Structures are given as C-alpha cells and as structure tokens.
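Colleague: Heads up: the sequence shown runs through residues 1 to 217, numbered per this note's numbering.
Where is the CB? At the ideal position from N, CA and C, for every residue including glycine.
As the structure is a computational prediction, the values presented were derived from the model and not from experiment.
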Amino acid sequence: MQHLKDTFKHKGKRKLLIEKLADMGIKDQRILEAFDVVPRHFFLDTAFEDQAYTNMAFQIGAGQTISHPFTVAFQTELLEVKKGDKILEIGTGSGFQTSILCELGAKVYSIERQSELLSSKHVIHHLNYNPKLFFGDGYKGNALNAPYDKILVTCGAPEIPQELLKQLKVNGVMVIPVGEGVEQKMLKITKQAETAFTKEEFGTFKFVPMLERTVKK
Ligand code: SAH
C-alpha cells in the first residue's frame, strides 16, 4: 500500500536527496528540479516511506525493485531529455522513472512485462502525468508508435535488443545497461544513420534482469 500524502517532512528529505545527487555528479538542474517535484515515497510501500529519500533500491512487488535515485538521475542525464521528446521506456516498474520523464516534458511510452506492476498507473495518474503504458515484452519494443527520439531500458539486458535499435530515430539515443551476469555496463548508443551506431560506456551498475515474455498474475 502506498501513502499519497506529501508533507513538509518529505519535502525536506527530498532537498537533502537532491543535494546528495548533485554531490554525486548530477549536473542537469532540470533533473534535480524534477526530483524535487515527484514524491518518490508515493511509489513505495508505506513500510519504506521513511527511507524513500535515501539512495536505495526497494522491493516493489513481483520480485522487482525501484531503481536507486542516483541511477534514475544518471540514466536520465545520459538520455539528454528535451521537452516534447518521444521516449520509449522498457520496465515501468514502480513508475517513478516514468514520472520523472513526464515531468521533464517528454511524451512517454512505457512497457512492463509483469501484469502485477501495471497498478503503478494509479500513482502516475494521481500525479497528473499521462504516459502511454503497455503490458508487453520490451525486447519487441512498441513498433506501432515508433520511431522514438530516445529509448531508456531500466532492466539489465544480456545483449542489445536489435528491435529497439530499429525503433530509434536517426540521431536518436538509447541508454541501456548491458551485461550477462549480475552487473551491467551502462551504454549510451547513438544512431548515426539507419545502420550506423556509436557506443559509449558509463560505468558498472546492477539492475534486475531483462527477461523475455510477459507474466500475468
Ligand atoms: N523504471 C523502474 C525500474 C524497475 S526495475 C522504476 O523506476 O521503478 C525493472 C523493471 O523492468 C521491472 O519492473 C521488470 O519487471 C521490468 N522488465 C524486465 N524485463 C522486461 C521486459 N522484457 N519488458 C518489459 N519490462 C521488463
């Protein structure tokens, strides 16, 4: 169960988290402001409410976790989100990252493979964001609404899904953690031309795995 009330106590804790994210190297002021606006504790079970503004990951059901705030901020910064960008997110999970992208003015399409987690739409809508949410397998992307300016993968992919590269616009950017084991390398892939890509690496992270096929409760 979530707690959908935002208090001065929560707001104060958010300011401290934002200072920490800035200390850790997040420079984009718009991202720090988005973290000030989107109440992370709304996306967590009340059991974790007091720790919602620490740099920690928490269980969100179906064996999944909400990403660390730093990871969300870092991936968002790599994505260089502009107002009006059409973004495909793989792994809606709690909906926190989805909401941050919406707050930045992006037009968001987000796919989740666990039907149990689709309930995150209630919190997202409560905050008046309107992303398009899909139950499906992120490996396939969402061809119907392609191409996208940006693609953000929030689960650890064993390899780069070719279908997602196809659904990216030329000059588009995909941010994706890639690795076969428990750790992944954060990659930023830029589509130079229909079949030409550049790849940059940005350190090691730990995500829950990107798995094929959908899971109904
Ligand atoms: N962005 C989320 C991160 C949740 S963890 C947040 O901020 O809370 C990663 C999510 O990816 C999990 O919810 C998991 O179920 C989902 N996932 C894993 N494999 C997937 C796939 N093939 N397609 C779509 N979602 C997937």
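Three or more beta-carbon pairs under 8 Å between the region 67-82 and the region 121-136, yes or no?
Modeller: The region 67-82, when compared against the region 121-136, does not touch it at the 8 Å Cβ threshold.
Colleague: Starting from glycine 12, trace the alpha helix (DSSP H) both ways and give me its first and last residue.
Modeller: The count along the sequence shown starts at 1 and reaches residue 12 at position 12. From DSSP, the alpha helix (DSSP H) with glycine 12 extends over 8-23.
Colleague: Please list, in chain order, all residues of the same chain as lysine 216 whose beta carbon is under 8 Å from its beta carbon, the five residues on each side excluded.
Modeller: Stepping through the sequence shown from its first residue, residue 216 is reached at position 216. Contacts found: Ser115.
Colleague: Along the chain, where does the alpha helix (DSSP H) containing threonine 71 start, and where does it finish?
Modeller: As a first step, residue 71 is located in the sequence shown; it is residue number 71 there, counting from the start. It spans 69-79 - the alpha helix (DSSP H) in which threonine 71 sits, taken as one unbroken run.
Colleague: Could you tell me which residues DSSP pairs with leucine 168 in its beta bridges?
Modeller: As a first step, residue 168 is located in the sequence shown; it is residue number 168 there, counting from the start. In the DSSP output, where bridge partners are listed per residue, leucine 168 has Tyr148.
Colleague: With DSSP collapsed to three states, give me the class of serine 115.
Modeller: Position 115 of the sequence shown, counted from the start, is the residue given in the question as residue 115. It is helical.
Colleague: Taking 8 Å as the threshold, find out whether the region 73-83 comes into contact with the region 17-34 through three or more Cβ pairs.
Modeller: Judged by Cβ distances under 8 Å, the region 73-83 makes contact with the region 17-34, as three or more pairs qualify.
Colleague: How about threonine 154 and glycine 203: are their beta carbons less than 8 Å apart?
Modeller: Locating residue 154 in the sequence shown gives position 154, counting from the first residue. Locating residue 203 in the sequence shown gives position 203, counting from the first residue. No, the Cβ-Cβ distance between threonine 154 and glycine 203 is not below 8 Å.
Colleague: Between the Cα of proline 147 and the Cα atoms of Lys107, Ala157, Arg213 and His41, which residue gives the shortest distance?
Modeller: Taking the sequence shown and counting its residues from 1, one reaches residue 147 at position 147. Ranking the options by Cα distance to proline 147, first place goes to Lys107.
Colleague: DSSP puts isoleucine 176 in a beta bridge; with which residues?
Modeller: Translated into the one-based positions of the sequence shown, residue 176 becomes position 176. DSSP output for isoleucine 176 lists Leu187 as bridge partner(s).
Colleague: Under DSSP, the beta strand (DSSP E) around threonine 98 begins and ends at which residues?
Modeller: Within the sequence shown, the letter at position 98 stands for residue 98. Element bounds for threonine 98: not the beta strand (DSSP E) but the alpha helix (DSSP H), 96-103.
Colleague: Rounded to whole angstroms, how far is the Cβ of valine 182 from the Cβ of lysine 199, which I believe are closer than 8 Å?
Modeller: Mapped onto the sequence shown, residue 182 falls at position 182. Mapped onto the sequence shown, residue 199 falls at position 199. Not confirmed; about 22 Å, so no contact.
Colleague: Would you kindly work out how many angstroms separate the C-alpha atoms of alanine 57 and isoleucine 189, rounded to a whole number?
Modeller: The count along the sequence shown starts at 1 and reaches residue 57 at position 57. The count along the sequence shown starts at 1 and reaches residue 189 at position 189. Approximately 25 Å, taken between the alpha carbons.
Colleague: Nearest by alpha-carbon distance to valine 208: which of Glu180, Gly136, Lys166 and Lys15 is it?
Modeller: As a first step, residue 208 is located in the sequence shown; it is residue number 208 there, counting from the start. Of Glu180, Gly136, Lys166 and Lys15, the residue nearest in Cα terms is Glu180.
Colleague: Answer yes or no: the CB of alanine 62 versus the heavy atoms of the ligand SAH, is any distance below 7 Å?
Modeller: Position 62 of the sequence shown, counted from the start, is the residue given in the question as residue 62. Yes, since a heavy atom of the ligand SAH falls inside the 7 Å radius drawn around the Cβ of alanine 62.
Colleague: Leaving out the 5 sequence neighbours to the left and right, which residues in its chain are closer than 6 Å to serine 94 when beta-carbon positions are compared?
Modeller: Locating residue 94 in the sequence shown gives position 94, where the first residue counts as 1. The residues are Phe43, Ile60, Ile66 and Ser120.
Colleague: Who pairs with glycine 63 in a beta bridge, going by DSSP?
Modeller: Here residue 63 corresponds to residue number 63 of the sequence shown, with the count starting at 1. Looking at the DSSP assignment, glycine 63 forms no beta bridge with any residue, so it has no partner.
Colleague: Report all residues from its chain with a CB closer than 6 Å to the CB of asparagine 145; omit the five preceding and five following residues, and keep chain order.
Modeller: Indexing the sequence shown from 1 puts residue 145 at position 145. Cβ within range, chain order: Tyr109.
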